[in-house]
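Protein chains in written order, with the working numbering: chain A, 1 to 306; chain B, 307 to 613.
If you want it as structure tokens, here you go:
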């Protein structure tokens with residue numbers, strides 16, 4: 001694990017330290033928090049799409065499940081936030097387990113089914129008939145546990161854990177096995193890899209990451225609607241960020257979030273439709289001319305990218 | 307109630323078939339997922355809306371116009387996007403992201419041009435055209451109003467949309483199964499590589515299929531104000547999901563399956579609306595997942611789609 005140690009020291013420690021210290025010098029904490037959330041989500045997409053090749057088009061379902069698992073624990077059982085985060089992550093894991101049969105599908109079928117699943121969960125959560133349980137379409141309000149500094153600190157911890165997991169995948173035999181499955185699942189299974197088990201583990205890990213992000217997002221935001229935490233934008237942003245930087249690497253998704261989400265915050269808030277236009281055009285250009293992400297350019301120059 | 311639900315389901319089912327056909331054609335021929343399908347439908351809807359509100363042109367004559375405009379639009383768009391995409395390592399997955407980008411561009415342009423307000427065309431307009439056509443054909447004066455079928459009365463706009471969709475669907479099948487070009491198109495659907503090997507100009511066939519797909523979406527869009535409710539630039543995403551449900555139920559890449567999928571979808575949608583209206587929105591997603599898991603090849607599928 002010498003390479004892994006190097007990655008921890010050169011990527012994880014500086015990034016986590018930066019996000020831990022920036023609030024003291026930069027006042028827009030919400031923006032910093034969003035950066036953390038998107039790095040975590042982009043890495044979550046990276047785990048499943050980058051390493052196994054399955055594009056989770058309904059990834060936000062796990063984020064929303066985490067947010068609602070967290071909120072319902074707090075609302076109905078008055079659970080302390082840290083316990084509720086664990087429950088939110090569990091909710092997301094349960095959803096992922098329920099959805100494991102989707103792995104019988106390949107390619108586009110998987111993505112479509114995953115998208116449908118996330119929308120189905122949204123329809124259930126937002127259904128007016130369930131108002132007594134989920135507050136239906138009227139949204140969640142968690143003013144009792146509102147504590148942004150602590151929620152922010154938890155987000156930084158989740159960021160550290162996520163980066164650690166991805167660094168492990170990048171440098172371990174397990175990550176290598178996943179990539180072998182992605183390239184050719186039959187050859188991989190002939191080489192003695194348990195294809196189904198490894199895929200499911202990656203899937204659960206990816207869902208766990210999104211569930212944690214969702215829980216801490218619910219805590220930080222405290223007031224939100226079902227459409228907020230099940231918004232397809234989370235999925236798309238996370239996928240595009242990961243893809244823009246380069247998947248199956250540690251730095252790729254981070255680069256993607258820092259650059260693209262940075263641009264978004266510079267121009268996107270004031271004129272959303274113009275931003276949408278630029279963003280769409282950027283995505284098209286990206287897929288056509290740089291399908292392997294920024295890191296592929298670096299690789300072409302002979303730089304080894306962790 | 308039961309007859310009403312069944313008949314309404316049939317009308318909507320035909321319409322959903324029309325919505326799904328274009329998407330299925332594109333997927334079947336190119337193995338790419340046109341996530342902007344619903345946005346082309348939205349553009350068709352706006353074309354009908356503007357022709358009506360600026361020049362008082364009835365939606366019926368708009369249908370061929372919409373089809374031709376979007377068919378022609380399809381060619382440059384195909385050559386701009388698809389051949390490059392197909393050269394990538396994983397085109398099926400990347401097409402998701404690429405066409406999502408296209409959908410964003412279309413939505414943004416539509417929002418910049420027309421704003422976000424909801425618009426609609428009065429349903430009576432379509433009814434009046436239908437009444438005029440019926441009067442002309444039968445030689446009797448027919449009043450504009452609800453149409454009675456088996457003792458149940460339906461808005462004329464529904465019947466007209468359903469019938470026109472049915473005709474559209476028939477034309478597509480005629481094209482696919484009775485013309486030379488359709489024959490070549492089906493060859494590419496079965497195996498792209500073998501089609502190239504037998505000397506078929508796959509790019510040309512694909513470009514035509516792509517244009518056809520957009521044209522069909524636009525035609526479906528003309529009826530959208532009557533069947534789907536008011537139109538907005540952001541309506542596309544939901545339509546795309548519905549079309550996916552329809553074609554997956556049938557089976558991806560099989561045009562006959564789309565008809566079955568559309569009818570199954572339309573009828574079950576109407577049943578949900580009549581008996582469990584608050585849960586009706588859940589239906590497309592559940593049907594989609596259930597069909598994918600129970601019969602991964604769709605109801606009419608042959609090829610395996612297992613991982």
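A virtual CB, placed ideally from N, CA and C, is assigned to each residue, including glycine.
Kindly indicate if chain A contains any beta-carbon less than 9 Å away from that of residue i.
i	result
residue 471 of chain B	no
residue 613 of chain B	With a pLDDT of 41 at residue 613 of chain B, under the threshold of 50, the predicted position of this residue should be treated as unreliable, and no value is reported.
residue 403 of chain B	yes
residue 356 of chain B	no
residue 396 of chain B	yes
residue 384 of chain B	no
residue 333 of chain B	yes
residue 346 of chain B	no
residue 529 of chain B	no
residue 567 of chain B	no
residue 410 of chain B	yes
Pull the bridge partners of residue i from the DSSP assignment, please.
i	result
residue 179 of chain A	DSSP output for residue 179 of chain A lists no bridge partner at all.
residue 223 of chain A	A/141
residue 537 of chain B	B/425
Return the first residue and the last residue of the alpha helix (DSSP H) that residue i is part of.
i	result
residue 37 of chain A	29–45
residue 323 of chain A	Coverage of chain A is limited to positions 1 through 306, which leaves residue 323 of chain A absent and any answer about it impossible.
residue 591 of chain B	589–600
residue 254 of chain A	251–256
residue 499 of chain B	498–503
residue 95 of chain A	81–98
residue 563 of chain B	561–581
residue 546 of chain B	542–556
residue 56 of chain A	Unbroken run through residue 56 of chain A: none, as it is neither H nor E.
residue 235 of chain A	232–245
residue 7 of chain A	2–7
residue 274 of chain A	272–289
residue 186 of chain A	185–190
residue 314 of chain A	This structure cannot settle anything about residue 314 of chain A, because the visible part of chain A is limited to 1 through 306.
residue 294 of chain A	294–300
Is residue i close to chain B, meaning its C-beta is less than 9 Å from at least one C-beta of that chain?
i	result
residue 171 of chain A	no
residue 104 of chain A	yes
residue 245 of chain A	no
residue 123 of chain A	yes
residue 53 of chain A	yes
residue 320 of chain A	Residue 320 of chain A lies beyond the stretch modelled for chain A, which goes from 1 to 306, so this question has no answer here.
residue 128 of chain A	yes
residue 112 of chain A	yes
residue 292 of chain A	yes
residue 43 of chain A	no
residue 297 of chain A	no
residue 283 of chain A	yes
residue 3 of chain A	no
residue 108 of chain A	yes
residue 57 of chain A	yes
residue 287 of chain A	yes
residue 94 of chain A	no
Just checking my contact of residue i with residue j at CB under 8 Å: how many whole Å lie between their CB atoms?
i	j	result
residue 57 of chain A	residue 111 of chain A	4 Å
residue 67 of chain A	residue 218 of chain A	4 Å
residue 87 of chain A	residue 69 of chain A	5 Å
residue 249 of chain A	residue 295 of chain A	5 Å
residue 283 of chain A	residue 406 of chain B	6 Å
residue 318 of chain B	residue 572 of chain B	4 Å
residue 334 of chain B	residue 523 of chain B	Not a contact, Cβ separation roughly 15 Å.
residue 46 of chain A	residue 242 of chain A	5 Å
residue 126 of chain A	residue 14 of chain A	That pair is no contact at about 40 Å.
residue 518 of chain B	residue 377 of chain B	6 Å
residue 160 of chain A	residue 220 of chain A	Not a contact, Cβ separation roughly 17 Å.
residue 276 of chain A	residue 413 of chain B	6 Å
*Scan the region 118–171 of chain A and note each continuous alpha helix (DSSP H) run of 4 residues or more that stays entirely inside, going in chain order.*
131–134 and 148–171
*Please go through the region 336–409 of chain B and give each complete alpha helix (DSSP H) segment of 4 or more residues, from N-terminal end onward.*
343–361 and 365–392
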